[in-house]
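> Chains X and C, in that order, give the protein sequences.
Note that UniProt numbering gives residue 211 to position 211 of the first sequence, counting from 1, and the numbers run on in steps of one.
Note that UniProt numbering gives residue 68 to position 68 of the second sequence, counting from 1, and the numbers run on in steps of one.
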Amino acid sequence: MIENPNEVVTKAIVRLVAVPGLDKPAALITLDNGFDYKKPNSFGPGGLKSLDEAITTATAAEPAFIAITGKPYIFCVGADITGMPLINSREQAVALGELGHRVFARLRSSTIPTFAFVNGAAMGGGLEVALHCHYRTVSTGAAALALPEVAIGLIPGWGGSQILPNLIGIVNAATVILQNPLTQKQLRPKQAKEMGVADALFEAADFLEDSLAWAAGVVKGDVTVERPEVERKDWDGVLEFVKAMLDEKLHGAVPAANKAVELLALAKTASFEDGTAAETEALADLILGDESRASLYSFDLVQRRAKRPVGVPDKSLARKVTKVGIIGAGLMASQLALLFLRRLQVPVVLTDLDQERVDKGVGYVHAEIDKLVAKRRMDEGTAAKLRQLVSGSVDKSVFADADFVIEAVFENLDLKKQIWAEFEKIVKPEAILATNTSSLSITEMAADLEHPERLVGFHFFNPVAVLPLLEIIRGEKTDDATLATAFEVGKTLKKSSVLVKDAPAFVVNRLLTRVTSEIFQAVDAGTPLDVVNVAMDPLGLPMRPIALLQLVGPAVAYHVGETLHAAFPDRYVDSPNLKRIVDSKLPVMVDKEINPEVVALLQVGDAPLTADEVRQKALDGLAEEIRIMLDEGVVAEAQDIDLCMILGAGYPFHLGGVTPYLDRSGTAEKVTGKRFLADGVANVRS
Amino acid sequence: MPREVREVVFVDGVRTPFGKAGGMYAETRADDLVIRCMRELLKRNPNLPPERVEEVAIAATTQIGDQGLTLGRTAALLSGLPKTTPGYSVDRMCAGAMTAVTNVAGGIAMGAYDIAIAGGVEHMGRHPMGEGVDPNPRILAEKLVDPSALVMGSTAENLHDRLPHITKERADAYGLNSQIKTAKAYADGKIQPDLVPVAIRSAELGWGLATVDEAPRQTSLEKLATLKTPFRPHGRVTAGNAAGLNDGATAAILADEATARELGLPVAMRLVSYAFVGVEPEIMGYGPIPSTEKALKKAGLTIDDIGLFELNEAFAVQVLAFLDHYGIADDDPRVNPWGGAIAIGHPLASSAIRLMTQLARQFAERPDVRYGINAMCIGIGMGGTTIWENPYWEGAAK
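1) If we cut at 8 Å on Cβ distances, does residue 361 of chain C have a partner in chain A?
2) Taking C-beta pairs closer than 9 Å, name the residues in chain C that residue 28 of chain X reaches, listed in chain order.
3) Mapping the DSSP letters down to three states, classify residue 2 of chain X as helix, strand or coil.
4) Leaving out five residues before and five after residue 61 of chain C in sequence, what residues of the same chain have Cβ atoms less than 7 Å from its Cβ?
5) Just reading off the beta strand (DSSP E) that residue 689 of chain X is part of, what are its end residues?
6) With 7 Å as the limit, tell me which residues of the stretch 48-72 of chain X have their beta carbon closer than that to any beta carbon of chain C; keep them in chain order.
7) Under a three-way DSSP split, which group does residue 114 of chain X fall into?
8) I want to verify the contact list: residues of chain C whose CB lies under 9 Å from the CB of residue 205 of chain X, in sequence order.
9) Answer with yes or no whether the minimum CB distance from residue 258 of chain C to chain X is below 8 Å.
10) Apart from the five residues just before and just after residue 708 of chain X, which ones in its own chain have a Cβ nearer than 6 Å to its Cβ?
11) Taking the straight line between their C-alpha atoms, what separation do you get for residue 13 of chain C and residue 67 of chain X?
12) I need the straight-line Cα distance from residue 236 of chain C to residue 312 of chain C, nearest angstrom please.
13) Looking at the secondary structure, which residues open and close the beta strand (DSSP E) in which residue 49 of chain X lies?
14) What residues of chain C sit near residue 74 of chain X, judged by a beta carbon separation below 8 Å?
15) If distances are taken between C-alpha atoms only, which option among X:511, X:14, X:40, X:22 comes closest to residue 7 of chain X?
16) Can you tell me whether residue 192 of chain C is buried or exposed? The criterion is at least 16 other CB atoms within 10 Å of its CB, across all chains shown.
17) Whole-angstrom Cβ separation of residue 118 of chain C and residue 88 of chain C, contact assumed at under 8 Å?
18) Under 8 Å between C-beta atoms, does residue 199 of chain C make it to chain X?
19) Within 8 Å, do at least three Cβ pairs link the stretch 276-289 of chain X to the stretch 82-92 of chain X?
20) Quick check: the Cα distance between residue 391 of chain C and residue 50 of chain C, rounded to an integer number of angstroms?
21) Select from X:297, X:496, X:551 the residue whose C-alpha is nearest the C-alpha of residue 684 of chain X.
22) Got a sec? Which residues, its chain only, sit under 8 Å from residue 464 of chain C by beta carbon, not counting five neighbours each side?
23) Can you tell me which of X:551, X:33, X:44 puts its alpha carbon nearest to the alpha carbon of residue 4 of chain X?
24) May I have a chain-ordered list of the alpha helix (DSSP H) segments no shorter than 4 residues that lie completely inside the stretch 283-359 of chain X?
25) Under 8 Å Cβ-Cβ, which residues of chain C neighbour residue 32 of chain X?
26) Measure the alpha-carbon distance for residue 315 of chain X versus residue 106 of chain C and round it to whole angstroms.
27) From the DSSP output, in three-state form, read off residue 195 of chain X for me.
28) So residue 113 of chain X contacts chain C; which residues on that side make the cut at Cβ distance below 7 Å?
29) Whole angstroms is fine: what's the gap from residue 118 of chain X's alpha carbon to residue 163 of chain X's?
30) Name the residue from X:110, X:389, X:336, X:674 whose alpha carbon lies nearest to the alpha carbon of residue 462 of chain X.
31) Output yes if chain C places a C-beta closer than 8 Å to the C-beta of residue 142 of chain X; else output no.
32) Tell whether a beta-carbon distance below 8 Å holds between residue 615 of chain X and residue 545 of chain X.
33) Should residue 45 of chain C and residue 11 of chain C be called a contact, given that it needs their Cβ atoms to be closer than 8 Å?
34) Throw me the rounded Cβ distance for the residue 63 of chain C and residue 30 of chain C pair, which I believe falls under 8 Å.
35) Taking a Cβ distance cut-off of 7 Å, strictly less, list which residues of the stretch 196-229 of chain X are near chain C, in chain order.
36) Verify whether the separation of the beta carbon atoms of residue 489 of chain X and residue 321 of chain X is less than 8 Å.
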């Protein structure tokens, strides 16, 4: 028997309800864990047991129909994943799958009509219990409808992979089960109705009343539920296409995705019993796989650690920010202006060397606001407010009453020191000075300031509006009030902030550059570009190295590389070939292929490596660098490294960011003599 | 500017089932109750384009919390009416909804707008009578009214004092009859069409659905005789001959008759006249008599012209005072044929529209009747009366 002593049990409460027009009452089952929407309903062993009992009670009452609904805003968000790490044997994993299947199947095989009234968020096992019911209604207010299992290394293992394709067809099922989780998307209620996931859509204001009346109509025969015939002809072809797409993106690194494809294929012809038995086996394999453990670890980092950064001074020390000054009006500065404006909704003023640049910066912000309004992502009232709040001036005196000043000028220490010296004379003594440097030392930048304690590193990732990471860097003299303010601002900007010690290139750039360094060492030695380019494929990273280089820009990559080479010449090479690429100003990729002109530039040695050797060198380099960073105290713990790599570099959940992969592949132990994380934290305990 | 006389009609009315305070609506918001009624009205009348609703007047006695925030406007927004639809709140205690109806009727007759929604809500569980009141000390210091005037049950005892021929036994018999008539009306399916089912949630019991009134009960004269008289030792007013403390909401569509006909909306009743009149606050239950006198006079009618009475039963004694005044028998079949507030409940500001909706349904069944009235007593000494004409009256064709 499986159990989770820490389960917050979602109770299934049965109530017999008189519905106008029916002779017998209906049995309405409410799922409710007793908390508000912030702690959503989920199914652990206790919750499934409660549902099992509720179905027994409901059935015994011989009602006109049985219906399941949720607590306000939440239907049920799926299996209780807090219990997953407790599963360490195949028997337990199989038992978990079978328990859900057994309980849910009672709704499917019931001789009394069963309904799900999906009033709110329904994900994973929550949506699957609804799929087992004979009919479904969905509320226009249901925020999240999804089968997101593949995103956390699992599959819809309580019937979803078998019922859904036979309900809405293979194309839509592949969208819901594979594409949406891998692109962090969810179904909107209207879409769910159109796809056929739900039979009826009702407005949130009287959703339950309308659902009960509709169900009564169905039971009485007044309402006919029309479902289109599922097309089975192209089933295999669709899945072949899906598989090819997955392989191109993930290179087989996500076992859950492959299992999901297999189960969808099976759903075409398998009996429900055979299909769900296969689901149970697949789920057990995945639960006992390191990828799912690393994914759950990642999920926890993103959901929890990202919201409670470690080592941050108390927020009561934070100063109020009522006006923001931005030094620079280039693209980065303009993007920052837009972000601060949207999130803080306080006056934001840009400055630059001449009026033309300033006008261009403000113009960019106005144009972006217009675009948001056109896309209906901002209402006209907010737009009008924000347009009033943004301004630009070449007269720096407008910064006098700013509480938070951030610079985004060219990466040059002397230039930045000069700028801060100038602005320090203008701004209030307690105004926070933030630098968006990606590699320069905060301590050095603050060295000649009158108030060095108020300078802090505030490192965003490009594109600023998209990437959620913010590295907040504490210089030697940065004080607690400055740091607390920086973190509060970061939170208001809706970024996940990580506290980083002042060290060359901080976290993400230091590690990505280490990979680039290893890769270009291999290139310099004679490994062809197309070999190094596919070397990392088995990890399933979001981008191949050369494409990443193209995105970052060879010049920027080289600049960060130089900084790191200066700091750590033993570990970061100054690659002559990278220099040649930068100097040529040629694009490294053309039409998604490596530019042959770039290949022609290279002057290489005669000791080429295989792709496997390149990958191992890169991983060894990462392990070495992370160990050094942890020893130096660049961040508090390995978890912070992983959080940074997930949120700032898009490193995937199935690698756990990166340290769980370095641990489970043995690299950490081999290179640094020990693991980064204790056995079992992000892997199946050995 | 030349002005035409515009007839004001009652198009349709609905209500939630009435709950007992602390009962089935204990965990349901007051505003949600009235919003539910408004949405149901729009659903039942698909011929009414929502943007044609040009005013929303919602009554509540205790305009605090979920009954505050200019409920008429917020309920309009939350009901899905367009943002262009204005709204406001009304308070005349028990006659709140009656005042909402007469207010918008005035606006329609004036030509300020063509169609309005009037409604009322009182969640006496969440907002007990007298919550947050702060009576002016001059009331006591200057002996403007007797302190008992602020306690409705005490005013009912006062009315018994002034009208000693209305005994406790008569009041109990009236109360029992109200229960019996309501039970029969339910059995005959007369009440159900007015009701809007309401989803109700209880943290302990889960979701449910309110489909019937919670207050009606089976009782007997013997049982009623044993009830306590909470307002005065050895008094006459009991829970058996008075309305209880209830939660509920009502709403109705009022329209200019020509507009209603143009849109194909039902014309259920035509407003003939209305009146509100003040009386001594200590005997507020007397109020419906002068208000009815005035409304009849304005209409050029006498009590003999009235074929149906839907009277609010705040207290049996005030209904009996009214009936005695007009020489109508306690069990006259024209009076509250489906029972009244003693059985169904009286969520203060919402009640008048229940009376109107029921009168409208009776009109449809009774083409022999031309006129009907609603009357109710109102706290701090007032009465309110509306007189309606039956559009189904068979004499109309002549």
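All C-beta atoms, glycine included, are put in the ideal place defined by N, C-alpha and C.
In short:
1) The chain inventory of the structure shown lacks chain A, comprising the protein chains X and C.
2) 206, 207, 208, 209
3) coil
4) 91, 93, 96, 122, 348, 349
5) This structure cannot settle anything about residue 689 of chain X, because the visible part of chain X is limited to 1 through 686.
6) For chain C, the residues of the stretch 48-72 of chain X that bring a beta carbon within less than 7 Å of one of its beta carbons are 69, in chain order.
7) strand
8) 32, 35, 36, 39, 78, 79, 80
9) no
10) As displayed, chain X neither begins before 1 nor continues past 686, which places residue 708 of chain X out of reach and without an answer.
11) 31 Å
12) Rounded to the nearest angstrom, the two C-alpha atoms are 19 Å apart.
13) Element bounds for residue 49 of chain X: not the beta strand (DSSP E) but the alpha helix (DSSP H), 45-60.
14) The contacting residues do not exist; residue 74 of chain X stays about 13 Å from chain C at best.
15) X:40
16) exposed
17) Not a contact, Cβ separation roughly 11 Å.
18) yes
19) Contact between the stretch 82-92 of chain X and the stretch 276-289 of chain X is present: three or more C-beta pairs spanning the two stretches fall below 8 Å.
20) 25 Å
21) X:297
22) Residue 464 of chain C is absent from the structure shown; chain C starts at 1 and stops at 398.
23) X:44
24) 290-303, 331-344
25) In chain order: 203, 206.
26) 57 Å
27) helix
28) Result: empty, since nearest Cβ-Cβ is about 17 Å, beyond 7 Å.
29) 17 Å
30) X:336
31) no
32) The answer is no: Cβ separation not under 8 Å.
33) With respect to residue 11 of chain C, residue 45 of chain C sits close: the two C-beta atoms are nearer than 8 Å.
34) Wrong, their Cβ atoms sit about 10 Å apart, outside the cutoff.
35) 205, 206, 208, 209, 212
36) Taking 8 Å as the Cβ cut-off, residue 489 of chain X and residue 321 of chain X qualify as a contacting pair.
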